[in-house]
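Participant: Let me begin by handing over the structure; questions about it come next.
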Amino acid sequence: MPYRPPLVPYETFVADPPDLPVRAPGEEGADDVLRAEVAATDAHGVTLTATCASGRTLVARVEAAGDGIIRVRLADDLSVRSRSAAALTLVHPQPHPATVTVADGQVRVGAGGVVAEVRLDPWGLCFVTADGRLLLAADGGTRDISGRRRTLPLGRSTVDGEPAAWHESFVAPGDERFVGFGEKFTPLDKRGQRPLMWNFDAFGGESDRSHKNVPFYLSDRGYGVLVDSGLPVQFDVCASTHSSVQILVPDDLLDYYVLAGPTPAQVLDRLDALTGRPYLPPKWAFGAWISSGFFPDSQERVRERARRIRERDIPCDVLHLDCYWQVAGHWSDLRWDADAFPDPDGMLKDLTEQGFRMCLWMNPYLMTGSPLYAEAEAAGYFLRRPDGSTYVADTWHGSYPECALMDLTHPAAVRWFQNLLRPLLAQGVAVFKTDFAEGVPADAVAHNGMTGVELHNVYALLFNDAVADVTEEVAGHRTVWARSSYLGGQRHSAQWSGDVNATWPGMASTLRGGLSHGLSGVPFWSHDTGGFHGTPEPDLYVRWTQFGALSPLVRLHGTTSRLPWEFPPEAERHAVEALRLRYRLLPYLWSAAVASARTGGPMLRALLVDTPDDPAAWTADLQYRLGTDLLVAPVLDRSGERAVYLPVGDDWHDAYTGQRHPGGRHLRVRVPLDRLPLYVRHGALIPTVAPAATVGTGAFRDVTLVAWGGVDGVTVVHDADGDGDTTVTAARDGDTLRVRVDGPLDVRRISVVGTDPPRRVVLDGEPMPVTPFAPWFGGRDRPAGISPI
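With numbering that gives the first Met the number 0, letter number 141 in the sequence shown gets 140, and the count goes up by one each step, no holes.
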């Protein structure tokens, strides 16, 4: 069992993972690959016969799986796939030509930007760039002074004669940094941690439990490693020994990929090329989502919320109804509470006319008291126990009745489940919040024969696929608001961080989770603005709303109200101003979203994505770039003070004062409650619009272009809903700034921020007045405190 601190309580869950067996003292059962012989070469790679320490022979395969991608497999039989593949395929490699050479006991397999070098006897494996620079090398096995094993190199371990896990280890230089692994709430650099690929209910989002795991990591040495398995893969990232990353895969084979960069953005592009491109949500999804909260609701209350939102000029596109749109105690019946919502058709029609879309909460569990339960159980639509009985489990952790879990490997069960959703979508519901889905117990049995261990992680993908499919069929888009996910889950937009605590530390850990998930190939992420559990103090509510407004997507939601007018007037004013700032920046945010969907790069960008050669960027995990030109540093305690790092390579303007700071320095800043530390890259050209009640449809009109610094610059504004991309070029010519717009973007005004503004602006050859810069948020009556660190 893992070590637990004495007297500290810890959570257990009906779906906790099985532990790997613990080997008794001694080394019996660890079977390492010692040497190999070439069995065959072909146009894509090499097949090897590998001899292990026990004398057992295995089959290894090293091949190109794309430009800059090498795939490595070790198995008894290469036709074997991961046991999770019985439900769906996680990785989609394409045959790719390789350069294969065999000479002097070595094999080289080249795939463009990366080359695998295999030493046959004794076994050795490393990966280098095309020009010979070492990316990573396999660890052949570390032993201490007494000869005892400290790492598990390429091979397989058995316990009591039964296979336990495949393993591989890589040498880790002392200063190498590792990021990724999905939505991890722990510090961004995972060195010294043991990420476990098992989807948990994270119980607050302040531990190493994750709703969304991705068996992938990215190194500051310019490569990534992806493991193709849906089972509980374990990564020991320099924890057992500081010099090695060890990977344990309790599956039927070892199947991993090495992805070359050299930049993180290139690695992420290759990752999503293998696992699927992100799904771009509709433009309206980038507006504000405002929730009912997790407490009883009614049709009258929904109408009143909508009225007050519009009356108080609060930007909002989506109203979310949480559990209580259904009958209490019968959640996931997926039917309106007829007493609380007597006329949902009329309500939805009226809300649509006011510019709102409706999101409804749901999950894949059915409470035993549901009137639908008997029908679904008789049809065999639930997961089973090993004895064949229906698996009824405490999926609500004792808070609500036990539930059965929909068997989403059963085609008829999926159709039955989707038929519960289809009438709601036809009625006018726009999107579903797909909650839970981490609860498949390890000993469950599915219709297709999978065990709970094999199904557990990929169940989230099956759930979101089922809901996205029927949503697309009826509503014309595939967006879901998902809590759990796994490898390839970027096809499900959007994802949110789960039930985080409404505390200052909870907000900080939430930000770390978003940065980590973005570094795992998932760009469209959000969180419960204001925190979920508890009631945030007014200052925290404002600060979290500022963070939420400058996140890829934003939703205000919690166990208590997150409606702005439920907080003191000053807090309401500042929170609404943050949302208006978001709507002002929508052309910029939408452009960044389109780029992320095309490349797999995150919208909420850890600094290392854009400045990977800056060592400080790999440790900055409480601030981020939003797109490439904005730098956001949420305030993380009530003092209003924090340290901000400005990355190298650019100067940065304080978006509040316009003050210019050189990159590559740390600042200690103090800001009043009406703003957060927000910086804009010198030379950036930011398209903005006047904030409106909703995002609207079609291309953005009447755009003001803000030229930060009034200097030379180029930007591409992407628009998937308009007539295509627009390239905007600014050139400083003495006292004149000449701006050219090549594309459909409707630029009407130019505003310049900087200490040396031009006297004249020429837009597409026509002189025009310089528009005064309208502050993005707050006033200018209270100066900020700024000092270098």
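All C-beta atoms in this analysis are idealised placements derived from N, C-alpha and C, irrespective of residue type, glycine included.
#1: Which residues mark the beginning and the end of the alpha helix (DSSP H) in which ASP732 is found?
#2: Going by DSSP, what residue range makes up the alpha helix (DSSP H) through TRP283?
#3: Considering just the uninterrupted stretch of the beta strand (DSSP E) at MET789, what are its terminal residues?
#4: Kindly indicate the opening and closing residues of the alpha helix (DSSP H) around ALA465.
#5: From TYR458 to GLY146, what distance separates their C-alpha atoms?
#6: Are the beta-carbon atoms of ALA305 and LEU318 separated by less than 8 Å?
#7: Measure how close the beta-carbons of ASN447 and TYR485 come, nearest whole angstrom, since I'm counting them as under 8 Å.
#8: What first and last residue would you give for the alpha helix (DSSP H) that runs through TYR323?
#9: Once you ignore the five residues that flank ARG490 on each side, which residues in its own chain have a CB closer than 6 Å to its CB?
#10: Would VAL79 pass as a contact of ASP296 if the rule is Cβ separation under 8 Å?
#11: Can you say whether THR98 is buried or exposed, counting buried as having 16 or more other CB atoms within 10 angstroms of its CB?
#12: If you reduce the DSSP assignment to three classes, tell me which class ALA163 lands in.
#13: What are the boundary residues of the alpha helix (DSSP H) that includes SER590?
#14: If you drop the 5 nearest sequence neighbours on each side, which residues of the same chain put their C-beta closer than 8 Å to that of PRO280?
#15: Can you have a look at GLU565 and say buried or exposed, based on whether 16 or more other CB atoms are within 10 angstroms of its CB?
#16: In three-state DSSP terms, what is ASP18?
#17: Measure the C-alpha to C-alpha separation of ASN418 and GLY764 and round it to an integer number of angstroms.
#18: Identify, in the order they occur along the chain, each residue of the same chain with its Cβ nearer than 6 Å to the Cβ of VAL746, setting aside the five sequence neighbours on each side.
#19: When you compare only the Cα positions, how much space is there between GLY663 and VAL631?
#20: Following the continuous beta strand (DSSP E) through VAL422, name the residue where it begins and the one where it ends.
#21: Starting from THR56, follow its DSSP beta bridges and name the residues at the other end.
#22: Are the CB atoms of ARG542 and TRP495 nearer to each other than 8 Å?
#23: Would you grab the beta carbon distance between GLU62 and VAL108 for me? Rounded to a whole angstrom, and I think it's under 8 Å.
#24: For ILE246 and ALA137, what's the separation of their Cα atoms in angstroms?
#25: Give the range of the beta strand (DSSP E) segment to which TYR222 is assigned.
#26: So, GLY520 versus ALA501, is the Cβ gap smaller than 8 Å?
#27: When the Cα atoms are used, what is the spatial distance from SER239 to LEU677?
#28: Just the C-alpha distance for ASP235 and GLY140, rounded to the nearest angstrom, thanks.
#29: Can you name the residues that DSSP bridges to ASP31?
#30: Buried or exposed for ALA570, please, with buried defined as at least 16 other CB atoms from any protein chain shown within 10 angstroms of its CB.
#31: Which residues in the same chain have their Cβ closer than 6 Å to the Cβ of PRO611, if we skip the five residues on either side of it in sequence?
#32: With 16 other CB atoms within 10 Å as the buried threshold, where does LYS348 fall?
#33: Assign PRO586 to one of two classes, buried (16 or more other C-beta atoms within 10 Å of its C-beta) or exposed (fewer than that).
#34: Reducing DSSP to helix, strand and coil, say where THR100 ends up.
#35: According to the Cβ coordinates, are ALA110 and GLY65 closer than 8 Å?
#36: State the Cα-Cα distance for the pair LEU119 and VAL106, rounded to the nearest angstrom.
Facilitator: From the atom records:
#1: As a first step, residue 732 is located in the sequence shown; it is residue number 733 there, counting from the start. Boundaries for ASP732: no alpha helix (DSSP H) harbours it, while the beta strand (DSSP E) harbouring it runs 725-732, taken from the DSSP string.
#2: Indexing the sequence shown from 1 puts residue 283 at position 284. Looking at the DSSP string, TRP283 is not in any alpha helix (DSSP H), and its letter there is neither H nor E.
#3: Because residue 789 is not part of the residues shown, which for the chain are 0 to 788, the question remains open.
#4: Translated into positions along the sequence shown, residue 465 becomes position 466. Going by DSSP, ALA465 is part of the alpha helix (DSSP H) stretching over 458-474.
#5: Indexing the sequence shown from 1 puts residue 458 at position 459. Indexing the sequence shown from 1 puts residue 146 at position 147. If you draw a straight line from the Cα of TYR458 to the Cα of GLY146, it is about 43 Å long.
#6: The sequence position of residue 305 within the sequence shown is 306, counting from 1. The sequence position of residue 318 within the sequence shown is 319, counting from 1. Result yes, Cβ atoms of ALA305 and LEU318 sit closer than 8 Å.
#7: Within the sequence shown, residue 447 is the residue found at index 448, counting from 1. Within the sequence shown, residue 485 is the residue found at index 486, counting from 1. That belief does not hold up - the Cβ atoms of ASN447 and TYR485 are roughly 17 Å apart, past 8 Å.
#8: Translated into positions along the sequence shown, residue 323 becomes position 324. It is not in any alpha helix (DSSP H) - TYR323 carries neither H nor E in the DSSP assignment.
#9: For the purposes of this step, residue 490 is taken as residue 491 along the sequence shown, with counting starting at 1. Setting aside the 5 residues that flank it on each side, ARG490 is surrounded in the same chain by GLY275 and TYR278, each with a C-beta closer than 6 Å to its C-beta; the list follows chain order.
#10: Residue mapping note: residue 79 aligns to position 80 of the sequence shown, counting from 1. Residue mapping note: residue 296 aligns to position 297 of the sequence shown, counting from 1. No, the pair does not count as a contact, with Cβ atoms beyond the cut-off.
#11: Looking up residue 98 in the sequence shown gives position 99. By the C-beta density criterion, THR98 is exposed, having fewer than 16 other C-beta atoms within 10 angstroms.
#12: The sequence position of residue 163 within the sequence shown is 164, counting from 1. Shown here, ALA163 sits in a strand according to DSSP, grouped into three states.
#13: Mapped onto the sequence shown, residue 590 falls at position 591. Element bounds for SER590: 585-598.
#14: Here residue 280 is taken as the residue at index 281 of the sequence shown, counted from 1. Residues of the same chain with a CB within less than 8 Å of the CB of PRO280, apart from the 5 flanking positions on each side, are HIS476, THR478, SER492, ALA493, PHE523, LEU552 and ALA592 in chain order.
#15: In the sequence shown, residue 565 corresponds to position 566, counting from 1. Its Cβ having fewer than 16 others within 10 Å, GLU565 is exposed.
#16: Position 19 of the sequence shown holds residue 18. Coil at ASP18, not helix or strand.
#17: For this step, residue 418 is matched to residue 419 along the sequence shown. For this step, residue 764 is matched to residue 765 along the sequence shown. The straight-line gap from Cα to Cα measures roughly 58 Å.
#18: Within the sequence shown, the letter at position 747 stands for residue 746. Around VAL746: VAL702, LEU704 and VAL740.
#19: Here the question's residue 663 lines up with position 664 in the sequence shown. Here the question's residue 631 lines up with position 632 in the sequence shown. One Cα belongs to GLY663, the other to VAL631, and the distance between them is close to 16 Å.
#20: In the sequence shown, counting from the first residue as 1, residue 422 sits at position 423. In the sequence on display, residue 422 carries Pro and not Val. Segment 410-426 is the alpha helix (DSSP H) holding PRO422; no beta strand (DSSP E) there.
#21: As a working note, residue 56 is residue 57 in the sequence shown. DSSP, once it has assigned bridges, lists THR50 as partnering THR56.
#22: Numbered from 1 along the sequence shown, position 543 holds the residue referred to as residue 542. Numbered from 1 along the sequence shown, position 496 holds the residue referred to as residue 495. Not a contact, by the Cβ cut-off of 8 Å.
#23: Here residue 62 corresponds to residue number 63 of the sequence shown, with the count starting at 1. Here residue 108 corresponds to residue number 109 of the sequence shown, with the count starting at 1. With 8 Å as the limit, GLU62 and VAL108 qualify as a contact, their Cβ atoms being about 7 Å apart.
#24: Translated into positions along the sequence shown, residue 246 becomes position 247. Translated into positions along the sequence shown, residue 137 becomes position 138. Taking the straight line from one Cα to the other gives about 11 Å.
#25: Along the sequence shown, read from residue 1 onward, the residue named residue 222 stands at position 223. Taken as a continuous stretch (DSSP letters only), the beta strand (DSSP E) holding TYR222 covers 222-226.
#26: Walking along the sequence shown from the start, residue 520 turns up at place 521. Walking along the sequence shown from the start, residue 501 turns up at place 502. Not a contact, by the Cβ cut-off of 8 Å.
#27: In the sequence shown, residue 239 corresponds to position 240, counting from 1. In the sequence shown, residue 677 corresponds to position 678, counting from 1. Taking the Cα positions, SER239 is about 40 Å away from LEU677.
#28: The residue labelled residue 235 in the question sits at position 236 within the sequence shown. The residue labelled residue 140 in the question sits at position 141 within the sequence shown. Using only the alpha carbons, I get a separation of about 14 Å.
#29: Counted from its first residue, the sequence shown places residue 31 at position 32. Partner(s): GLY154.
#30: Position 571 of the sequence shown holds residue 570. That one is buried.
#31: Within the sequence shown, the letter at position 612 stands for residue 611. If we look at PRO611 and ignore the five residues flanking it on each side, its Cβ neighbours are THR262 and PRO263.
#32: Within the sequence shown, residue 348 is the residue found at index 349, counting from 1. Exposed, because fewer than 16 other Cβ atoms sit within 10 Å of the Cβ of LYS348.
#33: As a working mapping, residue 586 is identified with position 587 in the sequence shown. The residue in question, PRO586, is buried, as its Cβ has 16 or more Cβ neighbours within 10 Å.
#34: Here residue 100 refers to the residue found at position 101 when the sequence shown is read from its first residue. Note: THR100 maps to strand in three-state DSSP.
#35: Working through the sequence shown from its first residue, we reach residue 110 at position 111. Working through the sequence shown from its first residue, we reach residue 65 at position 66. With contacts defined as CB atoms closer than 8 Å, ALA110 and GLY65 qualify as a contacting pair.
#36: Here residue 119 refers to the residue found at position 120 of the sequence shown. Here residue 106 refers to the residue found at position 107 of the sequence shown. C-alpha separation (whole angstroms): 8 Å.
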